[in-house]
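Enquirer: Please find one structure pasted underneath; my questions will follow.
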Amino acid sequence: MAFDAAGAAGLEQFTLLAKNARGRACVALIQQVLSNKKLFVFRELLDMPNVEALKDSEHMEHYELLRIFSFGTYNDYLARKDELPDLTPQQMNKLRKLTVVSLAHRFKNIPYDTLIQDLGVSTVREVEDILIDTIYSGLVQGKLDQKSRCFVVKYAVGRDTRHEDIDDMIQKLSNWKAQSAEICEKINTILTLAEKQEVEEWTREENIRSMMAARAGERGKGFASGAASLRSGEDFAMYAEAGPRRGAPSKQRMHSMGRKGRM
Numbered sequence: 001m002a003f004d005a006a007g008a009a010g011l012e013q014f015t016l017l018a019k020n021a022r023g024r025a026c027v028a029l030i031q032q033v034l035s036n037k038k039l040f041v042f043r044e045l046l047d048m049p050n051v052e053a054l055k056d057s058e059h060m061e062h063y064e065l066l067r068i069f070s071f072g073t074y075n076d077y078l079a080r081k082d083e084l085p086d087l088t089p090q091q092m093n094k095l096r097k098l099t100v101v102s103l104a105h106r107f108k109n110i111p112y113d114t115l116i117q118d119l120g121v122s123t124v125r126e127v128e129d130i131l132i133d134t135i136y137s138g139l140v141q142g143k144l145d146q147k148s149r150c151f152v153v154k155y156a157v158g159r160d161t162r163h164e165d166i167d168d169m170i171q172k173l174s175n176w177k178a179q180s181a182e183i184c185e186k187i188n189t190i191l192t193l194a195e196k197q198e199v200e201e202w203t204r205e206e207n208i209r210s211m212m213a214a215r216a217g218e219r220g221k222g223f224a225s226g227a228a229s230l231r232s233g234e235d236f237a238m239y240a241e242a243g244p245r246r247g248a249p250s251k252q253r254m255h256s257m258g259r260k261g262r263m
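Counting from 1, one number per residue, gives the positions in the sequence shown under full-length UniProt numbering.
Listed below in structure tokens is the structure:
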């Protein structure tokens, strides 16, 4: 997405600046990053040596605030609000949008009641305004279902990952790989069975064609024999209808000749 490219390029500029920023200059850099409307990933900045050095200094709260924007939610901020810097309106809006992203990874349909609680708002109108703003920022895709009072998630960008979450991600990927291999094996079994059935069907059809051809040949021979017999019968009938050949005495003449002989 365009969000990924713009966010990465923008963050790279700040990481380069962080190489030489120390103390208050590093704090000011963090504030700029958290207020930037196009930046929603912070892990590379968080891992910069000069930024990490803040956690053991008088500016520790700014490092912790950056960690919350990297991995946490709006409620995580509220739980530690007294020990963290105050948020500007822009920063609060950004953290709420990041909270929507986290919820989108947990729920396929996010209930409005959950959003009201986790975003720290009191009305559905406020929830929908934040959702629309999050969609326009390219962080999530989905549908506002007012009838069911939920946000139907279609897509959500990935957030920064903790080091301690990497082992869990590897395990999930291993499980996915094993499940994929099992599915592929089942598909191959189905394909093999289908090919076998196709060959058997083709063989059966060929046998049927051979049988039909043989029967057609037998019927052809029988027809030829019957036609020959029929031809012989027709010749006899034609001879009978034509009468005796010339020169052969008829029955009446033979009878007359017999009488003359007796006389």
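Even glycine gets a Cβ: it sits at the ideal position worked out from N, Cα and C.
Decide yes or no for the touch test of the segment 65-78 against the segment 103-122: beta carbon pairs closer than 8 Å, at least 3 of them.
Expert: These segments touch.
Enquirer: Helix, strand or coil, according to DSSP, for residue 236 in the structure here?
Expert: Because residue 236 carries a pLDDT of 49, less than 50, the predicted location of this residue cannot be relied on, and no value is offered for it.
Enquirer: Would the segment 99-107 and the segment 139-159 be scored as touching if the rule is three or more Cβ pairs under 8 Å?
Expert: Counting Cβ pairs under 8 Å, three or more are found: they touch.
Enquirer: So residue 94 packs on residue 34, CB below 8 Å; how close in whole Å?
Expert: The Cβ separation is near 7 Å, so the contact holds.
Enquirer: Taking the beta carbon of residue 239 as the centre, do at least 16 other beta carbons fall within 10 Å, making it buried, or is it exposed?
Expert: With a pLDDT of only 49 at residue 239, under 50, the local geometry of the prediction cannot be trusted, and no value is derived from it.
Enquirer: Would residue 80 be called buried (16 or more neighbouring beta carbons within 10 Å of its own) or exposed?
Expert: Per the 10 Å Cβ criterion, exposed.
Enquirer: Pick helix, strand or coil for residue 145, following the three-state DSSP scheme.
Expert: Reduced to three states, the DSSP call for residue 145 is strand.
Enquirer: With a CB to CB cut of under 8 Å and the five nearest residues on each side skipped, what residues in its chain are close to residue 15?
Expert: Hits under 8 Å: 44, 45, 48.
Enquirer: Closer than 8 Å by C-beta to residue 109: which residues in its own chain qualify, once you throw out the five before and the five after it? Chain order, please.
Expert: So the qualifying residues of the chain are 145, 148, 150, 151, 152, 153.
Enquirer: Indicate the three-state DSSP secondary structure (helix, strand or coil) for residue 21 in the structure shown.
Expert: The answer is coil: DSSP assigns residue 21 none of H, G, I, E or B.
Enquirer: According to DSSP, which residues form a beta bridge with residue 111?
Expert: Residue 111 is bridged to 150.
Enquirer: Take every Cβ of the segment 56-75, pair it with every Cβ of the segment 180-190, and state whether three or more of those distances are shorter than 8 Å.
Expert: Segments in contact, no.
Enquirer: Mapping DSSP to helix, strand and coil, what is residue 140?
Expert: DSSP places residue 140 in strand when its eight states are reduced to three.
Enquirer: Just the Cα atoms here: how many angstroms apart are residue 236 and residue 197?
Expert: Its pLDDT being 49, under 50, residue 236 is placed unreliably in this model, and the value from its coordinates should be taken loosely. If you take the alpha carbons of residue 236 and residue 197, they lie about 59 Å apart.
Enquirer: Pull the bridge partners of residue 155 from the DSSP assignment, please.
Expert: DSSP lists 141 as partners of residue 155.
Enquirer: Look at residue 112 and residue 124 and say whether their C-beta atoms are less than 8 Å apart.
Expert: Yes, Cβ-Cβ distance for residue 112 and residue 124 is below 8 Å.
Enquirer: Could you give the DSSP three-state label for residue 271: helix, strand or coil?
Expert: Not covered by the structure: residue 271. The range shown for the chain is 1 to 263.
Enquirer: Going along the chain, which residues of its own chain have a beta-carbon closer than 7 Å to the beta-carbon of residue 266, five neighbours each way excluded?
Expert: Residue numbering for the chain in the displayed model covers 1 to 263; residue 266 lies beyond these limits and cannot be assessed.
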